[in-house]
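**Q** Let me give you the structure first, and then I'll get to my questions.
There are 2 protein chains.
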Amino acid sequence: MFKVKVFVTLRESVLDPQGVAVKGALHSLSFAEVQDVRIGKYMELTIDRTVSDLDAMVKEMCEKLLANVVIEDYRYEVEEVVAQ
Amino acid sequence: MFKVKVFVTLRESVLDPQGVAVKGALHSLSFAEVQDVRIGKYMELTIDRTVSDLDAMVKEMCEKLLANVVIEDYRYEVEEVVAQ
Numbered sequence: 423m424f425k426v427k428v429f430v431t432l433r434e435s436v437l438d439p440q441g442v443a444v445k446g447a448l449h450s451l452s453f454a455e456v457q458d459v460r461i462g463k464y465m466e467l468t469i470d471r472t473v474s475d476l477d478a479m480v481k482e483m484c485e486k487l488l489a490n491v492v493i494e495d496y497r498y499e500v501e502e503v504v505a506q
Numbered sequence: 423m424f425k426v427k428v429f430v431t432l433r434e435s436v437l438d439p440q441g442v443a444v445k446g447a448l449h450s451l452s453f454a455e456v457q458d459v460r461i462g463k464y465m466e467l468t469i470d471r472t473v474s475d476l477d478a479m480v481k482e483m484c485e486k487l488l489a490n491v492v493i494e495d496y497r498y499e500v501e502e503v504v505a506q
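Line by line, the protein sequences are chains A and B.
Per this note's numbering, the first sequence starts with residue 423, numbered consecutively.
Per this note's numbering, the second sequence starts with residue 423, numbered consecutively.
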């Protein structure tokens, strides 16, 4: 099995109101040193080992469903899981 | 400056209906090899370099605001950003 970790983040040029809200909340909890917060999504997919081209598959999943490539960037890491 | 990447995930024992929905959507897009999907949150914090104990600060922020430790786990990575 493969464990694929997908990180989806808003592009730098896109405003992140959720991040601004979290930054405000951290400031009001006296964490004044926080200068910026950006919020993204994190997904862990477990994928069958029979897949021939994992990279192509993950890219297609990200572009079709997991990320909105107009306003979001994605990156991913693949780990091979050995059955115990 | 420090760039702290925080990953918040639901604990293994907690049901993840959003993950189940995404898995269903991937299956209907013919990605049948996807066996499981878990959804989490990803946050990038930019923190001032004047902080003395960054680890303690990040843990406190996670436990007070960023993660619900009853049902979620968190982990984080710290990168030092050098001004250009």
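From the three backbone atoms N, C-alpha and C, an ideal C-beta is built for every residue, glycine too.
Using a Cβ-Cβ cut-off of less than 8 Å, give me the residues of the region 455-467 of chain B that come near chain A, in sequence order.
**A** E455, V456, Q457, D458, V459, R460, I461, G462, K463, Y464, M465, E466 and L467
**Q** Using only alpha-carbon positions, find the residue among A:L451, A:R460, A:V428 and A:H449 that is nearest to B:K427.
**A** Taking the second sequence and counting its residues from 1, one reaches residue 427 of chain B at position 5. Nearest of A:L451, A:R460, A:V428 and A:H449 to B:K427, Cα basis: A:R460.
**Q** So which of A:K463, A:S450 and A:N490 has the shortest CA-CA distance to A:F429?
**A** As a first step, residue 429 of chain A must be located in the first sequence, where it is residue number 7. Nearest of A:K463, A:S450 and A:N490 to A:F429, Cα basis: A:K463.
**Q** Among B:Y496, B:M465, B:V500 and B:V480, which residue has its Cα nearest to the Cα of B:L432?
**A** The count along the second sequence starts at 1 and reaches residue 432 of chain B at position 10. From the listed residues B:Y496, B:M465, B:V500 and B:V480, the smallest Cα separation to B:L432 is found for B:Y496.
**Q** Anything in the region 467-480 of chain B with a Cβ closer than 8 Å to a Cβ of chain A? List those residues in chain order, please.
**A** L467, T468, I469, D470, T472, V473 and M479
**Q** Alpha carbon to alpha carbon, how far is A:A443 from A:L437?
**A** For the purposes of this step, residue 443 of chain A is taken as the residue at position 21 of the first sequence. For the purposes of this step, residue 437 of chain A is taken as the residue at position 15 of the first sequence. Their Cα atoms are separated by approximately 12 Å.
**Q** Alpha carbon to alpha carbon, how far is A:E455 from B:P439? Give it in angstroms, no decimals.
**A** As a first step, residue 439 of chain B must be located in the second sequence, where it is residue number 17. As a first step, residue 455 of chain A must be located in the first sequence, where it is residue number 33. C-alpha separation (whole angstroms): 35 Å.
**Q** When we look at the beta-carbon of B:K531 and count the other beta-carbons within 10 Å, is it buried (16 or more) or exposed?
**A** For residue 531 of chain B there is no data in the structure shown, the boundaries of chain B being 423 and 506.
**Q** What residues of chain B sit near A:L448, judged by a beta carbon separation below 7 Å?
**A** Here residue 448 of chain A refers to the residue found at position 26 when the first sequence is read from its first residue. By Cβ distance, chain B contributes M483 and L487.
**Q** Run through DSSP, which three-state label would B:L423 get?
**A** Indexing the second sequence from 1 puts residue 423 of chain B at position 1. According to the sequence displayed, residue 423 of chain B carries Met and not Leu. Of the three classes helix, strand and coil, the one that applies to B:M423 here is coil, per DSSP.
**Q** Flag this pair as yes or no: are the beta carbons of A:D458 and A:M423 separated by less than 8 Å?
**A** Here the question's residue 458 of chain A lines up with position 36 in the first sequence. Here the question's residue 423 of chain A lines up with position 1 in the first sequence. Contact flag unset, no.
**Q** Rounded to a whole number of angstroms, what is the C-alpha to C-alpha distance between A:Y498 and B:S450?
**A** Residue numbering aside, residue 498 of chain A sits at position 76 when the first sequence is read from its first letter. Residue numbering aside, residue 450 of chain B sits at position 28 when the second sequence is read from its first letter. Cα-Cα distance, rounded: 22 Å.
**Q** Mapping DSSP to helix, strand and coil, what is B:V480?
**A** As a position in the second sequence, residue 480 of chain B is number 58, starting the count at 1. Note: B:V480 maps to helix in three-state DSSP.
**Q** Can you say whether A:K445 is buried or exposed, counting buried as having 16 or more other CB atoms within 10 angstroms of its CB?
**A** Residue numbering aside, residue 445 of chain A sits at position 23 when the first sequence is read from its first letter. Buried.
**Q** Start and end of the beta strand (DSSP E) containing A:V500?
**A** If you number the first sequence from 1, residue 500 of chain A lands on position 78. Note, A:V500: beta strand (DSSP E), E494 to E502.
**Q** Quick one: residues in its chain with C-beta nearer than 6 Å to the C-beta of A:V480, no 5 flanking neighbours on either side, listed in chain order?
**A** Taking the first residue of the first sequence as position 1, residue 480 of chain A is located at position 58. Only V426 and Y498 meet the Cβ criterion.
**Q** Measure the beta-carbon distance from A:F453 to B:M483 and round it to whole angstroms, keeping in mind my assumption that it falls under 8 Å.
**A** Residue numbering aside, residue 453 of chain A sits at position 31 when the first sequence is read from its first letter. Residue numbering aside, residue 483 of chain B sits at position 61 when the second sequence is read from its first letter. The beta carbons of A:F453 and B:M483 sit about 6 Å from each other, so the pair counts as a contact at 8 Å.
**Q** Among B:E434, B:E502, B:S435 and B:G441, which residue has its Cα nearest to the Cα of B:T472?
**A** Taking the second sequence and counting its residues from 1, one reaches residue 472 of chain B at position 50. Ranking the options by Cα distance to B:T472, first place goes to B:E502.
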